[in-house]
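Chemist: So that we are looking at the same thing, I have put the structure below in structure tokens.
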Amino acid sequence: MKGRPCGRPPPAQPPGRRSPIRRPGILSMVELVIFVLMGAGTLAGAVTVVLARNPVRSALGLLGALVSLAVIYVVNLAHLVAAVQVVVYAGAVLTLFLFVIMFIGVDRSEDTSETIPLQRKLVAGFATVVVLGAAALVSRGRFTWTPASGEAAEIPNGTVQALGGELFTTWVLGVEVTALLLTIAAVGAIALAFHRRSAASPTED
Numbered sequence: 025m026k027g028r029p030c031g032r033p034p035p036a037q038p039p040g041r042r043s044p045i046r047r048p049g050i051l052s053m054v055e056l057v058i059f060v061l062m063g064a065g066t067l068a069g070a071v072t073v074v075l076a077r078n079p080v081r082s083a084l085g086l087l088g089a090l091v092s093l094a095v096i097y098v099v100n101l102a103h104l105v106a107a108v109q110v111v112v113y114a115g116a117v118l119t120l121f122l123f124v125i126m127f128i129g130v131d132r133s134e135d136t137s138e139t140i141p142l143q144r145k146l147v148a149g150f151a152t153v154v155v156l157g158a159a160a161l162v163s164r165g166r167f168t169w170t171p172a173s174g175e176a177a178e179i180p181n182g183t184v185q186a187l188g189g190e191l192f193t194t195w196v197l198g199v200e201v202t203a204l205l206l207t208i209a210a211v212g213a214i215a216l217a218f219h220r221r222s223a224a225s226p227t228e229d
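Per the numbering used here, the sequence shown starts with residue 25, numbered consecutively.
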């Protein structure tokens, strides 16, 4: 195997070819643009969840918010958290929400009476305090944008292999109990649906 002789400079790069060096400024700008767009998508989805009159549209808004949040996790190099966000929340939990919505009925009238006195004013006041507090923290310059380095941090207890080992060795009882509870909930929902259908159908002589 022949190598380059010592002391000889490396061959010059052709004039029309660009250097494959990564540019941190461009990468940080792309990450910032993606973060702003996905943040706006998350906020729009959350507002849709609250303000939509149709529960199916609220569920779709929740899906958009969860997917946008997963993209933010990917930008921050948290790929495992992004996968869990899509599989668990956007997949299983949202499917459960849609199942409950379809089970109850989309066209069912809602009770708009306030069960808690002054609940709208309390929620509006709390939201105002949160928004003003966040604006005050941002305006004082406590937060700075730090672009990702592109290299995953070496965390011995944070890898997928270590997490899976902990789940199915130390916490295997909790995982199995959770799976059993989810199975019981699914079977109970199906049983209630069949019972409701049989009660609504006319009896045969």
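Ideal placement from N, C-alpha and C gives every residue a C-beta, glycine not left out. Computed from a predicted structure; not experimentally measured.
Output yes or no for whether 8 Å exceeds the beta carbon distance between L187 and V199.
Modeler: Residue 187 sits at position 163 when you count from the first residue of the sequence shown. Residue 199 sits at position 175 when you count from the first residue of the sequence shown. Their beta carbons are not under 8 Å apart, which means L187 does not touch V199 by this criterion.
Chemist: Locate the alpha helix (DSSP H) running through G85, then write down its first and last residues.
Modeler: In the sequence shown, counting from the first residue as 1, residue 85 sits at position 61. Run containing G85: 79 to 99, per the alpha helix (DSSP H) assignment.
Chemist: From R110 to A94, what does the alpha carbon distance come to, in whole angstroms?
Modeler: By 1-based counting over the sequence shown, the position of residue 110 is 86. By 1-based counting over the sequence shown, the position of residue 94 is 70. Note that residue 110 is Val in the sequence shown, not Arg. For V110 and A94, the distance between alpha carbons rounds to 7 Å.
Chemist: Can you grab the Cα-Cα spacing for the pair L231 / T152, in whole Å?
Modeler: Within the shown structure, residues of the chain are numbered from 25 to 229, placing residue 231 beyond reach of any answer.
Chemist: Given a cut-off of 8 Å on the beta-carbon distance, is the pair I125 and V80 in contact?
Modeler: As a working note, residue 125 is residue 101 in the sequence shown. As a working note, residue 80 is residue 56 in the sequence shown. Result yes, Cβ atoms of I125 and V80 sit closer than 8 Å.
Chemist: Tell me the DSSP secondary structure of A160 in three-state form.
Modeler: The sequence position of residue 160 within the sequence shown is 136, counting from 1. Note: A160 maps to helix in three-state DSSP.
Chemist: Taking all protein chains shown into account, do 16 or more other C-beta atoms lie within 10 angstroms of the C-beta of I310, making it buried, or fewer, making it exposed?
Modeler: In the structure as shown, the chain starts at 25 and stops at 229, and residue 310 therefore has no counterpart that could be examined.
Chemist: Expressed to the nearest angstrom, what Euclidean distance is found between the alpha-carbon atoms of S92 and Y113?
Modeler: Within the sequence shown, numbered from 1, the residue matching residue 92 stands at position 68. Within the sequence shown, numbered from 1, the residue matching residue 113 stands at position 89. Cα-Cα distance, rounded: 12 Å.
Chemist: Got a sec? Which residues, its chain only, sit under 7 Å from A83 by beta carbon, not counting five neighbours each side?
Modeler: Counting from one through the sequence shown, the residue named residue 83 turns up at place 59. Once the five neighbours on either side are set aside, the close Cβ partners of A83 are L118, F121, L122, I125.
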